[in-house]
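In this note's numbering, the protein residues as written are 523 to 816. Report on the structure given below.
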C-alpha cells in the first residue's frame, strides 16, 4: 500500500477534504481485465536431469502418450491463443523463429537429425515440450511466431547454500531438505508411472501444488546460512528475479489486440508466474483443467 500512501501525501496539501477512502476507491488504477492467460506448468518432456529433484523420464513416444499429446494440443488450440510464450532464452528468439519456420515447412525432423548428432541434443530438440506441444498448438492456431520469454542470466547457487547450511550446523534444515527431495522424487515418479500426460499436467497445475512449489523456497532455502550470511536468501532472491524478469518479458509483448495468451513453462515457473499475473490484475487466469477436461 506504499503507493496509495504516497498519492495521499501528495494530494493532502491541495485539499483537506479529500479522504483516504476516496484514494482507495480509485486504486487500482486499471479497468477490469479483458484478457485471458492460460498458464500451463509442465514437467520437461526430455528430462535432462538438471533439476535438484531427480526423477524418472516419461516415455512421451509411446502410442498412448502420442495420442494424448495430439488430443491435448487440440484442446489447447480450442483456447484460440493470440500468442504463445515458451521457456526459451529471449536472446535466442531468432533461433526459435528458424526452428518454428522449419517446423511449419514440415522439415523439422530432417533438420534436427542432420544438425545434432549427440543423443542428448537430439533428445532435447525432438522431445522437449516446446516442440511437441507449443509448436503444434501454434501451427494449429495459425500463429506466425512462438515467443521466447526465459531469462537465464541469473545464478542459482545450490552448492553455496548447502555449504552455508553445513557451516552453520543447520543439520535439521539439511535433513528436511533431503527428505523433501526424496518425497518429491517418489511422488513424481509414482505419477509418471500411473498417470497419463493430461492428468499429470492437471495435477501439476492444481493451486495447492503450485502454492507448495513456490512456498518451498521460503520455508526451506531462505533459512539457509548463519545469521549474518545469506546464501539461502540470495538463492531465493535469484529465483524470484529470474521469474520476475520472465514475467516482464510477457508484459512487454502483450498488446491491446491480444485477448488470449498461452504460456508453457516448467511448473516451478508457473507457480511464480501465477502470483505475478494475479498481482498485475490485467489478465484473468484460465484453469488448465477447464481446458483439458473439455
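C-beta: ideal position from N, C-alpha, C; glycine also. Keep in mind it's a predicted model, so treat the numbers as computed, not measured.
Boundaries of the beta strand (DSSP E) in which residue 558 is found, first to last residue = 557 to 564
Quick one: using the 10 Å Cβ neighbour count with 16 as the cut-off for buried, is residue 692 buried or exposed?
buried
Express the C-alpha separation of residue 772 and residue 670 in angstroms, rounding to a whole number. 9 Å
Task: residue 582 versus 659, 722, 734, residue with shortest Cα-Cα distance - done: 722
Ordered along the chain, which non-local residues of its own chain (more than five positions away) have a Cβ less than 7 Å from that of residue 676?
760, 763, 764
For this session: Could you name the residues of the same chain whose beta carbon sits closer than 6 Å to that of residue 660, not counting the 5 residues immediately before and after it, in chain order?
Result: 606, 668
Practice task
Over the uninterrupted alpha helix (DSSP H) stretch that includes residue 707, give me the two end residues.
Solution key: 693 to 716
Subject >> Identity of the residues DSSP links to residue 788 by a beta bridge >> reply: 564
Using the DSSP secondary-structure output, state which residues sit across from residue 611 in a beta bridge.
672
Classify residue 776 as helix, strand or coil using the three-state DSSP reduction.
-> coil
Measure the Cβ-Cβ separation of residue 651 and residue 567 and say whether it is below 8 Å.
yes
Using only alpha-carbon positions, find the residue among 622, 788, 755, 751 that is nearest to residue 658. 622
According to DSSP, is residue 765 helix, strand or coil?
-> helix
| message | Classify residue 590: buried if its beta carbon has 16 or more other beta carbons within 10 angstroms, exposed otherwise. | response | buried
Three-state class that DSSP yields for residue 666 in the structure shown
coil
**Item:** Classification of residue 544 by the beta-carbon crowding that lies within 10 angstroms, buried from 16 upward
**Value:** Reliability of the predicted coordinates at residue 544 is poor, the pLDDT of 46 falling under 50, and the value obtained from them is presented with this limitation in mind. When all chains shown are included, residue 544 counts as exposed.
Original post:
Just to confirm, are residue 609 and residue 788 a CB contact at a threshold of 8 Å?
Top reply: yes
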